[in-house]
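Quick note: the sequence shown uses the numbering used here, first residue 556, plus one each step. Each residue gets a CB set at the ideal place from its N, CA and C atoms; glycine is no exception. Input: a single structure, listed below in structure tokens.
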Amino acid sequence: MLVIEAKLKGTQVQYGKLDEAIRTGQFIRNTCLRYWEDNKGVTRNDLQKLCAVLAKNKEFPWAKKLNSQARQAHADRAWSAIQRFYENCRLGKSGKKGYPKYKKFSRSVEYKNSGWKLSADRRQITFTDGFEVGTMDLWSSRDLVWYVAPTGAPASLREKQISRVRVIRRADGYYAQFLVDWDRREEHEFQGKMTGIDLGLKEFYTDSDGNTVDNLRYLRKSERRLKRLQRRVSKKHVQGKKQSNRYHKVRKALAKQHLKVSRQREDKARKDALAVVKSNDLIVYVRRSRCRRLDLKIRNMVKNHHLAKSISDASWYQFTRWLQYFAKVHGVIVIAVQPHNTTVDCSCCGAKLKKTLSTRTHKCNKCGTVLDRDHNAAKNILAKGFKLLAEYLNSTVGHTESDPKRVKAQGETDLWLKNGDALALSWLNELRISAAENPPL
Ligand SMILES: [Zn+2]
């Protein structure tokens, strides 16, 4: 699945109609949710049927304006929120179970295969449902033409590659997101290189060779501006009164700055991840989930506010998501491991060495190893992933090539083995043997 985004250029009237469509999508979703709350044993099918009923209801004339498949897409949104809640209950998650909430400020509406049409050159989109938005220009840095089926393929096939179109309202305008069914593949040159990477406090990350990638300075700058705007907005806000024009002006500027920072972050995460994937055949990273418990742990660890901020700023989550994506595209192996003990253990002799957060250097008093703290951790992370992979290979040799799907190993971590890894696996196998003879790393 590939997502391609283009800005929608049109008139204020058209934007207004898109807003109507977005509100209607929200209305469908919320109505479905209410139906589920009011009735017992509601199924996905019931919600789909409800869409047709809503469209016929004279009380809600807007409901039938939305394309019928788009209505269903929004019933599905409600359904997946319900499903998520059930799933959390079933797994016995502690704390909040994510009871589905009513949406008040939806920003997007989703179309499936109908209700829209692309022009032949793919520079324009026409919305054909009851809101009569009409034709709008598509502005994109990436040409929408490049991913289509080869020339000569029937038009129906070309259109089918786009499975969804999502219209999104952002601070700086309206966007169309095209979800394309496409399995991207890139040639990867296997060189027998592997790396472990650890999220750093000072640097963005440190790898097991001691290389670091830092947080970009321009990102810091944008964030300082963000803070400044935030302060101005709260200053101008008057409780319980109609807000001034000035307030709205600053509020809009703030929203735009948020957008800018998030785009810059995403961009950096993508570039960093691609660079790692391109130059390695095996990558092990430490899992820092967005899980609240772990976040809290980090927050407790780091009493200093600025440091805590720099952790979240580091966009580790975004980075690892891109890492997984590119690994899949390039056919390399990515392993996520839990962070337990990776900073404490000595990467050379395994002795435990407790450190406070301000201890930047790992000095082992048993074997005399001196390393940067994050470098030591990255080495441990690589060893951990390596051990896991060896265990995996031992238990499933012969199956890996025919069964490339995602494998849960050990319950504590995810291990991905992709098809076409035969070459990579063979040298890893050799490494495994030598690693068993000599203690790893
Ligand atoms: Zn040591």
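Using the DSSP secondary-structure output, state which residues sit across from residue i in a beta bridge.
| i | result |
| --- | --- |
| residue 689 | 682 |
| residue 564 | 692 |
| residue 918 | 925 |
| residue 663 | 723 |
| residue 579 | Note: residue 579 sits in no beta bridge, so no partner. |
| residue 733 | 559 and 720 |
| residue 907 | 900 |
| residue 753 | 761 |
| residue 673 | 680 |
| residue 728 | 725 |
Looking at residue i and ligand 1, is the gap between the Cβ and the nearest heavy atom below 7 Å?
| i | result |
| --- | --- |
| residue 932 | no |
| residue 897 | no |
| residue 901 | yes |
| residue 924 | yes |
| residue 938 | no |
| residue 828 | no |
| residue 904 | yes |
Please return the same chain residues whose Cβ sits closer than 8 Å to the Cβ of residue i, not counting the five positions on each side in sequence.
| i | result |
| --- | --- |
| residue 752 | 760, 761, 762, 763, 831, 838, 839, 840, 841, 933 and 936 |
| residue 701 | Per-residue confidence for residue 701 stands at a pLDDT of 46, beneath the threshold of 50, marking its modelled position as unreliable; the derived number appears in the next sentence. Correct list: empty, nothing qualifies. |
| residue 574 | 724 |
| residue 566 | none |
| residue 925 | 916, 917, 918 and 919 |
| residue 612 | 618 |
| residue 811 | 726 and 727 |
| residue 910 | 898, 899, 917 and 928 |
| residue 558 | 732, 733, 734 and 735 |
Confirm the yes/no value for this check: CB of residue i, any heavy atom of ligand 2, distance under 7 Å.
| i | result |
| --- | --- |
| residue 921 | Ligands in the displayed structure: ligand 1; ligand 2 is not one of them. |
Can you list, in chain order, the residues of its chain with a C-beta nearer than 6 Å to that of residue i? Leave out the 5 residues immediately preceding and following it.
| i | result |
| --- | --- |
| residue 594 | none |
| residue 560 | 730 and 732 |
| residue 579 | 617 and 621 |
| residue 859 | Any reading at residue 859 needs caution, since the residue's pLDDT is 48, under 50, leaving its predicted position unreliable; the model's value is listed next. Nothing meets the Cβ criterion. |
| residue 953 | Only weak support is given to the placement of residue 953: the predicted model assigns it a pLDDT of 42, under 50, and the question is left unresolved by the model. |
| residue 636 | 655 |
| residue 847 | At residue 847 the pLDDT is 43, less than 50, meaning the model places this residue with poor confidence and gives no usable figure here. |
| residue 979 | Because the pLDDT at residue 979 is just 43, under 50, the model does not fix this residue reliably, and the point stays unresolved. |
| residue 894 | 841 |
| residue 940 | 839, 890 and 892 |
Starting from the C-beta of residue i, find all residues in its chain whose C-beta is less than 7 Å away, skip the five residues before and the five after it, and write them out in chain order.
| i | result |
| --- | --- |
| residue 850 | Confidence in residue 850 is poor, its pLDDT being 46 and thus under 50, which makes the residue's placement too unreliable to answer from. |
| residue 1006 | Residue 1006 cannot be examined here, being either before or after the span of the chain that is shown, 556 to 996. |
| residue 874 | 824, 827 and 828 |
| residue 670 | 622, 624, 625, 682, 683 and 684 |
| residue 597 | 590 and 591 |
| residue 791 | 799, 801, 802 and 805 |
| residue 609 | 583, 586, 615 and 618 |
| residue 569 | 688, 689 and 691 |
| residue 599 | 634 |
| residue 581 | 658 and 661 |
| residue 809 | 784, 785 and 788 |
| residue 678 | 692 and 693 |
| residue 743 | 885, 886 and 887 |
| residue 878 | 828, 831, 832, 838, 840 and 889 |
| residue 652 | 640, 643 and 644 |
Of the choices the options, whose alpha-carbon is the least far from that of residue i?
| i | options | result |
| --- | --- | --- |
| residue 754 | 745, 651, 766 and 612 | 766 |
| residue 740 | 883, 930 and 927 | 883 |
| residue 927 | 939, 938, 914 and 921 | 914 |
| residue 728 | 743, 744, 719 and 694 | 694 |
| residue 722 | 605, 905, 563 and 938 | 563 |
| residue 768 | 799, 742, 871 and 787 | 871 |
| residue 632 | 744, 929, 602 and 607 | 602 |
| residue 577 | 946, 605 and 664 | 664 |
| residue 649 | 656, 605 and 640 | 640 |
| residue 627 | 719, 613 and 646 | 719 |
| residue 815 | 795, 571, 605 and 776 | 776 |
| residue 818 | 778, 931 and 745 | 778 |
| residue 781 | 795, 807, 770 and 797 | 807 |
| residue 572 | 668, 675 and 686 | 686 |
| residue 770 | 822, 793 and 749 | 822 |
| residue 931 | 904, 947 and 946 | 904 |
| residue 834 | 749, 796, 876 and 794 | 749 |
| residue 630 | 646, 604 and 647 | 604 |
Please specify which runs of the alpha helix (DSSP H), each continuous and at least 4 residues long, are wholly inside the region 759-789, giving them in chain order. Listed in chain order, nothing qualifies, since the region 759-789 has no complete alpha helix (DSSP H) run of 4 or more residues.
**Prompt:** Can you list, in chain order, the stretches of the alpha helix (DSSP H) that have 4 or more residues and sit fully within the region 589-663?
**Reply:** The region 589-663 contains these whole alpha helix (DSSP H) runs: 599-611 and 623-645.
Any alpha helix (DSSP H) of 4 or more consecutive residues that is wholly inside the region 789-821 = Complete alpha helix (DSSP H) runs here, min 4: none at all.
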